[in-house]
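Visitor:
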Amino acid sequence: MAGGRRLPGGGADPGRGGPTIRRIVLGSRLRRLRVRRGVGLDAAAQAIRASVPKMSRLERGQGGCKERDIADLLTLYAVTDIRERETYLALARGANTPGWWQQYGDLTPRWLETYLGLEEGATLIRGYQSHRVPDLLQTPAYAAALARLTYPDDSAGAVARRVDLLERRQQLLARADPPRCWQLIDEGALRRSVGGPAVMREQIRHLIRLHSAEFPEIAVHVVPLRTSAATVLAGSVTLLRFAEADLPDIAYLEQLTGALYLDDADDVERHRLAVDRLAAPATELTNTDTFLRQLLHTT
1271 MAGGRRLPGG
1281 GADPGRGGPT
1291 IRRIVLGSRL
1301 RRLRVRRGVG
1311 LDAAAQAIRA
1321 SVPKMSRLER
1331 GQGGCKERDI
1341 ADLLTLYAVT
1351 DIRERETYLA
1361 LARGANTPGW
1371 WQQYGDLTPR
1381 WLETYLGLEE
1391 GATLIRGYQS
1401 HRVPDLLQTP
1411 AYAAALARLT
1421 YPDDSAGAVA
1431 RRVDLLERRQ
1441 QLLARADPPR
1451 CWQLIDEGAL
1461 RRSVGGPAVM
1471 REQIRHLIRL
1481 HSAEFPEIAV
1491 HVVPLRTSAA
1501 TVLAGSVTLL
1511 RFAEADLPDI
1521 AYLEQLTGAL
1531 YLDDADDVER
1541 HRLAVDRLAA
1551 PATELTNTDT
1561 FLRQLLHTT
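Numbered by the working numbering, the letters in the sequence shown go through residues 1271 to 1569 in order.
1. Hey, out of Leu-1517, Pro-1551, Leu-1510, Glu-1514, whose CA is closest to His-1541's CA?
2. Excluding sequence positions up to five away, which residues of its chain have a Cβ less than 6 Å from the Cβ of Glu-1514?
3. Ends of the alpha helix (DSSP H) at Arg-1511?
4. Return yes when the Cβ of Gln-1525 is within less than 8 Å of the Cβ of Ile-1455, no when it is not.
5. Considering Ile-1318, what are the terminal residues of the beta strand (DSSP E) in which it resides?
6. Just to confirm, are Met-1325 and Leu-1311 a CB contact at a threshold of 8 Å?
7. Just to confirm my understanding: we take Gly-1280, look at its own chain, exclude 5 residues before and 5 after, and list those with CB closer than 7 Å. What are they?
8. I'd like the span of the alpha helix (DSSP H) that includes Asp-1339, first residue to last.
9. Using the C-alpha atoms, what's the distance from Ala-1529 back to Leu-1566?
10. Expressed to the nearest angstrom, what Euclidean distance is found between the alpha-carbon atoms of Ser-1482 and Arg-1475?
11. Arg-1299 and Asp-1516 look like a contact to me (Cβ under 8 Å); what is the Cβ gap, rounded to whole Å?
12. For Val-1545 and Val-1507, which I take to be in contact (beta-carbon distance under 8 Å), what is that distance rounded to the nearest angstrom?
13. Under the DSSP definition of a beta bridge, which residues are partnered with Val-1492?
14. Under a Cβ-count criterion, where at least 16 other Cβ atoms within 10 Å of its own Cβ denotes burial, should Glu-1484 be classed as buried or exposed?
15. For Glu-1337, tell me which candidate among Ala-1313, Gly-1369, Gly-1297 has the shortest Cα-Cα distance.
16. Would DSSP call Gln-1525 helix, strand or coil?
17. Do Gly-1465 and Ala-1411 have their C-beta atoms closer together than 8 Å?
18. Across the stretch 1404-1418 and the stretch 1435-1450, are there enough close Cβ pairs to call them in contact, namely three or more that are closer than 8 Å?
19. Suppose contacts are defined by Cβ-Cβ distances below 8 Å. Is Arg-1292 in contact with Ala-1341 by that definition?
20. If you count every other CB in all the chains shown that lies within 10 Å of the CB of Asp-1376, and 16 or more means buried, which is it?
21. With DSSP as the reference, label Gly-1466 as helix, strand or coil.
22. So, Leu-1394 versus Pro-1449, is the Cβ gap smaller than 8 Å?
23. Which residues in the same chain as Tyr-1512 place their Cβ atom closer than 7 Å to its Cβ, once the five residues preceding and following it in sequence are excluded?
24. Can you tell me where the alpha helix (DSSP H) with Arg-1542 in it begins and where it stops?
25. In angstroms with no decimal places, state the Cα-to-Cα distance between Gln-1564 and Leu-1495.
Written as structure tokens, this is what we have:
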């Protein structure tokens, strides 16, 4: 993309506001219209020949939607302006467009596909990783070594496709309008060898580069091993923020066989405060480069 930068590996700009974001925005706006018009959920469901649970899922942005159903709901909600109706219908068409990640559907569970759709639309990606380098900051060699450890039964081809998927995700940091990416990495994750010394040295050099002035929207902090156990989170967490007013902040907690998506304001705030507490003892921004270079010489 003109004006954008390339991370190692190149690739196309995946863009912002894919189908996942459009589904959530559409659902939120439809719910607001329904409430404003005083229409019950059951009446809305009946208008599109659907069950109440299906209507509820539509308003939560879960699953696809038929353009005809959206048109019927707009009629029920007395939306008659042609331009306004077309705005909603265009959102519906975009919501039904397959995400670029679906070509990796044999490797990505449904819960991860949801995250990929949210990630590409975020304006701020803030997180803490306790056991590994954050996905968006990994080198191909590190990612491949990690995939072989995590999926020992994968063929070489499957491992290569997992790395391709990761590199496609990473292109959001190289586009003309990249999100801010603020990452806390536990020191233990950097001292834990993945792929051997050569792979780790390359990974640390990559972090040094990403932390430089070349990528002003990326910040890397290291949580030292001496950090109090009372401060450390039980696991990794990613906080996502969006420009779209219809999208709340989200806390994403990935687990071995699933993930939690928290959008309740109180839940998100608790996780934000937990990350803030970890940031306090973490390496200061001006010292991160020094720490990483020292680590490089001892790896």
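By construction, the Cβ of each residue, glycine as well, lies at the ideal position given by its N, Cα and C atoms.
On a predicted model such as this, the values are computed, not experimentally measured, just so you know.
Guide: Put simply:
1. Locating residue 1541 in the sequence shown gives position 271, where the first residue counts as 1. Nearest of Leu-1517, Pro-1551, Leu-1510, Glu-1514 to His-1541, Cα basis: Leu-1510.
2. Taking the sequence shown and counting its residues from 1, one reaches residue 1514 at position 244. Around Glu-1514: Val-1295.
3. The sequence position of residue 1511 within the sequence shown is 241, counting from 1. No alpha helix (DSSP H) contains Arg-1511, which is instead part of the beta strand (DSSP E) from 1507-1511.
4. Residue 1455 sits at position 185 when you count from the first residue of the sequence shown. Residue 1525 sits at position 255 when you count from the first residue of the sequence shown. It is not a contact, given that the beta carbons lie outside the stated cut-off.
5. Within the sequence shown, residue 1318 is the residue found at index 48, counting from 1. Here Ile-1318 belongs to no beta strand (DSSP E), and DSSP marks it neither H nor E.
6. Numbered from its first residue, the sequence shown carries residue 1325 at position 55. Numbered from its first residue, the sequence shown carries residue 1311 at position 41. For Met-1325 and Leu-1311, yes; Cβs fall inside 8 Å.
7. Taking the sequence shown and counting its residues from 1, one reaches residue 1280 at position 10. Because the pLDDT of Gly-1280 is 37, which lies under 50, any placement of that residue in the model is unreliable, and the question is left without a value.
8. As a working mapping, residue 1339 is identified with position 69 in the sequence shown. 1337-1346 is the extent of the alpha helix (DSSP H) around Asp-1339.
9. The residue given as residue 1566 occupies position 296 in the sequence shown. The residue given as residue 1529 occupies position 259 in the sequence shown. So the alpha carbons of these two residues sit roughly 33 Å apart.
10. As a position in the sequence shown, residue 1482 is number 212, starting the count at 1. As a position in the sequence shown, residue 1475 is number 205, starting the count at 1. So the alpha carbons of these two residues sit roughly 11 Å apart.
11. Taking the first residue of the sequence shown as position 1, residue 1299 is located at position 29. Taking the first residue of the sequence shown as position 1, residue 1516 is located at position 246. That pair is a contact at about 6 Å.
12. Here the question's residue 1545 lines up with position 275 in the sequence shown. Here the question's residue 1507 lines up with position 237 in the sequence shown. Correct: roughly 7 Å between the Cβ atoms.
13. Within the sequence shown, numbered from 1, the residue matching residue 1492 stands at position 222. Paired residues: Ile-1455.
14. Taking the first residue of the sequence shown as 1, we reach residue 1484 at position 214. Exposed.
15. On the sequence shown, position 67 is the one that residue 1337 refers to. The shortest Cα separation from Glu-1337 among Ala-1313, Gly-1369, Gly-1297 belongs to Gly-1297.
16. For the purposes of this step, residue 1525 is taken as the residue at position 255 of the sequence shown. Correct three-state label for Gln-1525: coil.
17. Counted from its first residue, the sequence shown places residue 1465 at position 195. Counted from its first residue, the sequence shown places residue 1411 at position 141. Yes, the pair counts as a contact, with Cβ atoms nearer than the cut-off.
18. yes
19. On the sequence shown, position 22 is the one that residue 1292 refers to. On the sequence shown, position 71 is the one that residue 1341 refers to. Going by C-beta atoms, Arg-1292 is not nearer than 8 Å to Ala-1341.
20. Residue numbering aside, residue 1376 sits at position 106 when the sequence shown is read from its first letter. Asp-1376 should be labelled exposed.
21. Taking the first residue of the sequence shown as position 1, residue 1466 is located at position 196. Coil, per DSSP.
22. In the sequence shown, the residue the question calls residue 1394 occupies position 124. In the sequence shown, the residue the question calls residue 1449 occupies position 179. The answer is yes: Cβ separation under 8 Å.
23. For this step, residue 1512 is matched to residue 242 along the sequence shown. The amino acid at residue 1512 is misidentified as Tyr; the sequence shows Phe. Answer for Phe-1512: Gly-1391, Ala-1392, Thr-1393, listed in chain order.
24. Here residue 1542 corresponds to residue number 272 of the sequence shown, with the count starting at 1. Arg-1542 -> alpha helix (DSSP H) spans 1535-1549.
25. Residue 1564 sits at position 294 when you count from the first residue of the sequence shown. Residue 1495 sits at position 225 when you count from the first residue of the sequence shown. Rounded to the nearest angstrom, the two C-alpha atoms are 15 Å apart.
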